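Protein chains in written order, with numbering that gives the first Met the number 0: chain G, 0 to 279; chain A, 0 to 279. What follows is a single structure, written as C-alpha cells, with notes after it.
Protein chains: 2
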Amino acid sequence: MSNRPIGIFDSGVGGLTVMREMIRQLPGEHFVYLGDTARVPYGNRGAETVCRYALNAASFLRDHRVKALVVACNTASAFALDALRDQLDIPVFGVIEPVARQAAEHTESSEIAVLGTRGTIRSGAYKHTLLNLRAGLDVHSIACPLLVPLAEEGWLEGNVTDEVLARYLTPIADTATDTVILGCTHYPILRNAIGEATERLPLATPALLDSASATTAAVAEQLGDAGLLRGDDSGVGTRTFCLTDLPERFAATAELFFGRPLDGECRHVNITDDPTSTTE
Amino acid sequence: MSNRPIGIFDSGVGGLTVMREMIRQLPGEHFVYLGDTARVPYGNRGAETVCRYALNAASFLRDHRVKALVVACNTASAFALDALRDQLDIPVFGVIEPVARQAAEHTESSEIAVLGTRGTIRSGAYKHTLLNLRAGLDVHSIACPLLVPLAEEGWLEGNVTDEVLARYLTPIADTATDTVILGCTHYPILRNAIGEATERLPLATPALLDSASATTAAVAEQLGDAGLLRGDDSGVGTRTFCLTDLPERFAATAELFFGRPLDGECRHVNITDDPTSTTE
C-alpha cells in the first residue's frame with residue numbers, strides 16, 4: 000500500500016478527461032495533475048521537442064514523489080514514452096496502448112478508424128500499436144486539427160461542428176469501420192457530436208472508444224497487483240492541479256473537461272526547460 | 000545608411016504575412032525572421048508568459064545585430080511592447096498601432112470591428128489604441144479562436160469557413176460598422192472569405208484593413224527618416240528564417256503565409272527561456 004500520489008501529465012487541460020475517470024474509478028487515491036498550459040499544444044511540435052517537454056514534466060512530478068506517471072497526452076504518449084520509462088523508476092502509463100487493445104479486441108470487421116491531432120496521426124503510434132496487437136487490421140488514421148479548438152470554444156454541437164466532422168469522416172464513409180478511437184483527450188466532450196456524425200455515414204454505427212476508461216483500468220490493475228494502491232478505507236484522496244500558465248479563461252475551459260469545478264488546490268508553477276532540474 | 004538586418008519576430012508563421020509585405024515595399028533590406036514555433040500559439044497564454052517569451056526572442060535577435068525589431072505578433076504587440084522598448088536601444092514596432100491609426104482615419108460611421116485571437120481581444124489593446132487615437136469611436140471586439148486553425152488547415156473557403164465567419168460576425172450584423180481590422184497576422188489569407196462573409200451581412204460592405212502594409216509603411220518612414228535604410232542601389236537583401244521548432248509540415252504552412260517558397264536560409268534554433276542569454 001502506498002499513500003504517494005499518482006501523477007497525471009498533459010500538455011494542457013484535455014488530460015482532465017482522464018483524471019476525471021481516474022477519480023471515478025479510484026476515489027481514494029491522491030492525484031497531482033500537471034498541465035503544461037504555457038507550452039500547449041504539443042500536437043504540432045516535433046518529436047524531439049515533445050520528448051524534452053515530457054521529461055521536464057516528469058522531473059517536476061518526480062519531485063512530488065508520485066508513485067506512477069500517467070501521460071494523459073496522446074502526442075507525448077506517442078513520442079516520449081520510451082524516454083520517460085528510461086528516466087523514471089516508477090510505472091509509466093500512456094493513453095494509446097490500453098484503448099488500442101480494447102479496439103483490437105472489439106472490432107469484428109477488422110477496420111478501425113483513429114481520430115487524432117496532426118501530431119498524433121503523423122507519429123503513426125496508434126496504427127503501429129494496433130498492428131502489433133493484431134496484424135491484418137485495416138487502420139484508417141484521420142488528422143482532425145480543428146476538433147481541439149472546437150472543443151475549447153465549447154462548440155460541442157451545431158452546424159459548424161457537424162460540417163467539420165462530416166468533412167473529417169468522409170474517408171471512412173465507404174468502409175466497414177466498426178470501431179472508432181477518439182485519439183485525443185479533448186474528444187470525449189465532442190462524443191455526442193461525433194456519434195451523431197458517424198450515424199449520418201452509410202456505415203453501420205461504429206463503437207466510439209476513448210482512452211480515459213481503458214487507461215484507468217490499466218493503472219488500477221497494475222498498481223493493484225503491485226500493492227501500490229491506497230486502502231479502500233483511506234477516505235477520499237486529495238487533488239492538486241499544477242499549471243505552467245494560468246490564462247484568464249482557464250477555470251471555464253478546465254471545468255468543461257473535468258465535468259465540474261476543480262475540487263482541489265490550483266497552483267501556477269514554472270518547470271524549467273531542462274530535464275535535470277525543476278523549480279516551483 | 001545601415002546594412003544591419005531588420006528583425007521580425009512572431010510566435011509562429013503568421014508573421015510571414017508581414018515579412019512578405021516588408022520585402023515587397025523594402026526589397027533592398029536584409030531580414031532575419033524568428034518564429035517561436037516551439038511555443039506557438041501565444042494567443043491563449045497569460046500576459047506575463049507572453050512578455051517573457053518576447054524578451055527571449057528579442058534577446059536572440061539582438062545577438063543578430065538587428066537595427067530594428069518588428070513584433071509581427073498581435074499578442075506580443077499587445078502585452079510586450081513596453082517591456083521590449085525598455086530593454087532594447089533600437090526602434091521597436093508593433094502591429095497594432097499603425098493599422099489602428101489607419102482605421103481611425105478611415106471610418107466615417109465611427110464604428111470599427113476588430114477580429115482577433117482570444118488573447119488579443121482580451122488584452123483590449125486595439126480598443127485602447129483606437130480610443131486613444133479618436134475618442135468616441137464605437138469598437139466591436141470579436142474573439143475568433145477558430146480562424147487560426149482554419150487558416151493553418153488551409154480551409155480558406157467553403158461551408159465550414161463560411162459558417163464559422165457567419166457566427167463570429169453576428170454581433171456586428173445590425174451595426175453601422177464600416178471598417179474591419181484583421182487583428183491577427185493569420186487572417187490576411189482568409190481575406191476573401193472574410194470579405195464575402197461581410198457582404199452577406201445587412202450592413203454596407205466595410206473596408207478590411209490588415210496590419211502588414213500599415214506596419215511596413217511605419218517602418219519605412221521611421222527608418223528612412225533616421226537614415227537607417229540600405230541604399231536603393233544595394234541590390235536585393237538576404238532573408239534568414241529562424242524557427243524554434245521545425246515540424247514536418249512547416250514548409251507547407253509557411254508557404255501558405257509567405258505566398259511562395261521561403262527564399263532564404265532556414266535554421267532550427269534554440270532560444271533559452273531566460274531574457275538575459277540565448278544560444279543557437
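A virtual CB, placed ideally from N, CA and C, is assigned to each residue, including glycine. If you're wondering where the values come from, they're calculated on a predicted model, not measured in any experiment.
Cβ shell of residue i (< 7 Å), same chain only, five flanking positions each side left out
| i | result |
| --- | --- |
| T128(A) | I95, E96, A99 |
| E107(G) | D177 |
| L132(A) | A99, R100, A103 |
| Q221(A) | P90 |
| H63(G) | P4, G6, V31 |
| P170(A) | H139, I141 |
| L168(G) | A196, T197, L200 |
| G153(G) | L255 |
| E151(G) | T252 |
| R259(G) | none |
| G93(A) | V70, S76, L80 |
| G263(A) | T237, R238, T239, F240 |
| Q24(A) | T215, A219 |
| D209(A) | V98, L181, Y186, P187 |
Beta carbon of residue i nearer than 8 Å to that of residue j
| i | j | result |
| --- | --- | --- |
| H307(G) | E110(G) | Nothing can be reported for residue 307(G): it is not among the residues displayed for chain G, which extend from 0 to 279. |
| T243(G) | D35(G) | yes |
| T119(A) | G14(A) | no |
| P144(G) | T174(G) | no |
| A37(A) | A79(A) | no |
| P26(G) | V218(G) | no |
| I193(G) | L164(G) | yes |
| M21(G) | T215(G) | yes |
| L261(G) | A253(G) | yes |
| L33(A) | A67(A) | no |
| E156(A) | N158(G) | no |
Rounded Cβ spacing between residue i and residue j (contact assumed at less than 8 Å)
| i | j | result |
| --- | --- | --- |
| F256(A) | V39(A) | Actually they are not in contact, since the Cβ atoms of F256(A) and V39(A) sit about 12 Å apart, beyond 8 Å. |
| L149(G) | L189(G) | 7 Å |
| V49(A) | T74(A) | 6 Å |
| A172(A) | L202(A) | 7 Å |
| T184(G) | C72(G) | 7 Å |
| Y186(G) | L114(G) | 6 Å |
| L60(A) | V70(A) | So it is not a contact: roughly 10 Å between Cβ atoms. |
| D272(G) | D9(A) | No, D272(G) and D9(A) are not in contact; Cβ-Cβ is about 20 Å, not under 8 Å. |
Backbone secondary structure at residue i - three-state DSSP
| i | result |
| --- | --- |
| V113(G) | strand |
| G6(A) | strand |
| T277(G) | The predicted position of T277(G) is uncertain, since its pLDDT is 38 and thus under 50; a value taken from the coordinates is nonetheless stated next. DSSP places T277(G) in coil when its eight states are reduced to three. |
| H267(A) | strand |
| L33(G) | strand |
| V122(A) | Sequence check: residue 122(A) is Ser here, not Val. The answer is helix: DSSP assigns S122(A) an H, G or I state. |
| A46(A) | helix |
| D62(A) | helix |
| A142(A) | strand |
Contacting residues, own chain, Cβ-Cβ under 6 Å from residue i (five flanking each side not counted)
| i | result |
| --- | --- |
| V179(A) | A112, P205, L207 |
| A124(A) | A77, I95 |
| A211(A) | T16, V17, E20 |
| C241(A) | L33, R266, V268 |
| A213(G) | P97, V98, Q101 |
| L227(A) | S1, K66 |
| K126(G) | V138, S140 |
Same chain, Cβ closer than 8 Å to residue i, five either side skipped, listed in chain order
| i | result |
| --- | --- |
| R229(G) | M0, S1, N2, G27, E28, H29, G236 |
| S122(G) | A46, T74, A77, F78 |
| L130(G) | L136, V138 |
| A225(A) | P90 |
Unbroken stretches of the alpha helix (DSSP H), 4 residues or longer, contained in the stretch 186-251 of chain G: 190-198, 210-224
Inside the stretch 153-190 of chain A only - beta strand (DSSP E) runs reaching at least 3 residues: 178-181
Contiguous beta strand (DSSP E) assignments of at least 3 residues, all confined to the stretch 64-110 of chain G: Runs of the beta strand (DSSP E) spanning 3 or more residues and lying entirely within the stretch 64-110 of chain G occur at 67-70, in chain order.
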